[in-house]
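Residue numbers (my numbering): 1194 to 1981.
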């Protein structure tokens, strides 16, 4: 593509230094589709999201009055000298759509709101306003309403009892669709006392304030729970929030069961910490609410129908079927509403999400599904000259679906918008008008612009991306033989149709199929409850700016102890969250300056120069390095530093570091905030941690997420090492390289939603290619081409 000279047609970046960017400058053509490539950690997200999109958002916020800005989140200015030609940026990312169990696909889009209006007008019998069909609005019956009547020339006020349904929330399950029953025997060991650790609920320890709270409520601390009186047991289990004073401090005591219901059962299952999830699975039985039959709605809301269907019936339907039902609805007086609803539902189908239903909990969508759901609102937009920013939009997509995503990206461009896409998949890189490759490597060895130009020029360039753009993994000549099998019988979660399948053990098994075919339902639904299986899913890592790979993996603990032993001081000195913290910034490394209604300014702490520790702590060294020096090491450098033949041998730390390097994170520094990691980096960090756990079977959910083409080969090597060490590996994956490298493939389909849910192929990759009987088989055959 020829370079555009007119500055009005360019987004011009000068002196970008955000994160690892090395003072880079480049021109990005407007109203074109530009793809950003490079290895994980090369600086793509720092440039596209952290610099261009962030500055666009910040400048838009500055157009609001200072009063309004006071109510908005403060955005710091990116570290860049100059940005010209920016337009309004719309970010369509992979952040999950919240973990609120009250949020569904229908409530997270406008679909439920539009259906509620429709039923409040057309539904028979008429039951009330739109909120009467909302399971998030409680039902309140208002009575004693006043009416006026004329009687003999006089106006009389008369009290009339009338029930008004303000909300549609089922009273029994409070709009959750399910009720829970808690097994008391899973909450405590009645043979022990509270002080002896009788409570088995996560988070309850009698060593701290909980112990004082329980004692303050008059509960015996040293008697077995089996000896508690009925009143004492009720206090411990069921007590409503009760204010008490403990050691002069006002505290609130709440029974264990209400506490569990508020702190655990009100959260989405997928978002729970693993140990909390295991407790809930052990202690709590969930069943469909018998009152509303899982619809979350009152009987009145369910009794109102349009063309014989209630709003609950519609929300249960697969969206592409619901779209047809709405198309068949002939109500001329409601055409504007129906037109909007038809467009919305057709957009779901068009974007490859027609297999979902509106009652699907939003928190159960994968990152790729969530990103596509967010795209829906932009497809019908009449806005032009907007900058759309996408973060790997092909994640979670089968090769069959990638072409459809490409069409949507091109449509946004053709309406006169600038489309910026961070991407690794060659199928999407191929459609770009312009390519920008960052690198040459990752972390401190990245952050430079390697290449700018057309995709064809990128393909022939001597960059890592260019050299690997046409990579193809060959089918293996021989595959491993199975030692045993995991038997799954009668699987019927979500759209699965009573599936029976044997997953071979001792080999690398890949479960594939189009998005919505039932892959995750099969693997997670059947295997999540087993103790001998290690699950590495796509749930986000919980972590603040103070969390980093060293704290998350447990690596910092042996390092602190080594520093303490070498210097004969306490380990807590070597924690920036404890005694060793710089008193000026409290160990944050930065100072936040509040400027009232203006943006909060973040600047490095002048006292510790961003190193987080007190000067006195930094005088203590281990093999010539202080604790801040160690935290600035990359994983690869730290692996050498703590190796057996390194400057200081530390086996406990070295074992963790080896796993981190193995999963492709050797370029990350030990002290990098978790908040600065990409989604792919966080997932691989989680994989490194789980590799340290005992488990005979590993389940990985799309481990190629965020991986550069050059890194996929390393991942295949890691999977081989896991299998060769005696671990069975099950991978849910769309990437053809992983399919080609498998020993066994289980393909689900043939389509998505009610068109899927069946095993359409079981066998070796070579058999799948030779048969070409499924969509996966066709695409894998095209991928391996002449290498079969």
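Every residue, glycine too, gets a C-beta built ideally from N, C-alpha and C.
Residue 1635 beta carbon less than 8 Å from that of residue 1228: Taking 8 Å as the cut-off, the beta carbon of residue 1228 is found no closer than this to the beta carbon of residue 1635.
Reference residue 1948, options 1924, 1706, 1679, closest by Cα: Nearest option by C-alpha distance: 1706.
Where residue 1755 sits in the DSSP three-state scheme: Looking at residue 1755 - three-state DSSP - the assignment turns out to be helix.
Close beta carbons around residue 1417, own chain, < 7 Å, minus the five adjacent residues each side: These residues qualify, in order along the chain: 1383, 1384, 1385, 1386.
Enclosing alpha helix (DSSP H) for residue 1850 [first to last residue]: Counting along the chain, residue 1850 sits inside the alpha helix (DSSP H) bounded by residues 1844–1855.
Residue 1363 versus residue 1862 - alpha carbon distance: C-alpha separation (whole angstroms): 50 Å.
Residue 1287, DSSP secondary structure in three states: DSSP places residue 1287 outside both helix and strand once states are collapsed to three, so it counts as coil.
Beta-carbon proximity of residue 1556 to residue 1589, cut-off 8 Å: No. Outside cutoff.
Anticipated Cβ contact below 8 Å, residue 1368 with residue 1325, distance rounded: Between residue 1325 and residue 1368 the Cβ distance is about 13 Å, and since that is not below 8 Å, they are no contact.
Residue range of the unbroken beta strand (DSSP E) whose run includes residue 1221: Per DSSP, residue 1221 belongs to the beta strand (DSSP E) from 1217–1222.
Residue 1951 - containing beta strand (DSSP E), residue span: Per DSSP, the unbroken beta strand (DSSP E) holding residue 1951 starts and ends at 1951–1956.
Stretch pair the segment 1949–1966 + the segment 1516–1536: three plus CB contacts closer than 8 Å: Cβ pair count under 8 Å is below three, so no.
6 Å Cβ shell around residue 1791 - same chain, five flanking residues per side excluded: In this prediction, residue 1791 scores a pLDDT of 48, lower than 50, which makes its location untrustworthy; the coordinate-derived value is nonetheless stated afterwards. Cβ-Cβ distances below 6 Å link residue 1791 to nothing in the same chain once the five nearest sequence neighbours on each side are left out.
C-beta atoms of residue 1439 and residue 1457 nearer than 8 Å: Not closer than 8 Å, so no.
Whole-angstrom C-beta distance between residue 1379 and residue 1475, which should lie under 8 Å: In this structure, residue 1475 and residue 1379 form a Cβ contact; the two beta carbons are roughly 5 Å apart against a cut-off of 8 Å.
Coarse secondary structure for residue 1615, derived from DSSP in three states: In this structure, residue 1615 counts as strand in the three-state DSSP scheme.
Buried/exposed call for residue 1201, threshold 16 Cβ in 10 Å: The Cβ neighbour count for residue 1201, taken over all protein chains shown within 10 Å, is under 16; the residue is labelled exposed.
Opposing strand residues paired with residue 1645 [DSSP bridges]: Beta-bridge pairing by DSSP links residue 1645 to 1629.
Length at least 4, wholly inside the segment 1871–1900: the alpha helix (DSSP H) runs in chain order: Taking only runs of at least 4 residues, the alpha helix (DSSP H) segments lying wholly in the segment 1871–1900 are 1872–1883.
Selection from 1881, 1960, 1925, 1282 that minimises the alpha carbon distance to residue 1614: Checking every option, the nearest Cα to that of residue 1614 belongs to 1282.
Whole-angstrom distance between residue 1647 and residue 1760, CA atom to CA atom: It is roughly 57 Å from the alpha-carbon of residue 1760 to the alpha-carbon of residue 1647.
Three-way DSSP call (helix, strand, coil) for residue 1790 in this model: With a pLDDT of 44 at residue 1790, under the threshold of 50, the predicted position of this residue should be treated as unreliable, and no value is reported.
Proximal residues to residue 1664 (C-beta, below 6 Å), its chain only, five neighbours per side dropped: 1902.
Strand pairing of residue 1680, partner residues [DSSP]: Answer is 1695.
Between the CA atoms of residue 1765 and residue 1740 - distance to the nearest angstrom: Rounded to whole angstroms, the gap between the alpha carbons of residue 1740 and residue 1765 is 16 Å.
With 16 other Cβ atoms within 10 Å as the buried cut-off, status of residue 2015: With the chain represented from 1194 up to 1981, any question about residue 2015 goes unanswered, as that position is not in the structure.
Under 8 Å between C-beta atoms of residue 1515 and residue 1531: Not closer than 8 Å, so no.
Rounded C-alpha distance that separates residue 1595 from residue 1816: Those two C-alpha atoms are separated by around 51 Å.
C-alpha distance - residue 1905 paired with residue 1930, whole-angstrom precision: If I take the Cα positions, the gap works out to 8 Å.
Distance, residue 1245 Cα to residue 1747 Cα: Cα-Cα distance, rounded: 35 Å.
Contact belief for residue 1316 with residue 1499 at Cβ below 8 Å, rounded distance in angstroms: Correct: roughly 6 Å between the Cβ atoms.
For residue 1977, the three-state DSSP class (helix, strand or coil): Looking at residue 1977 - three-state DSSP - the assignment turns out to be helix.
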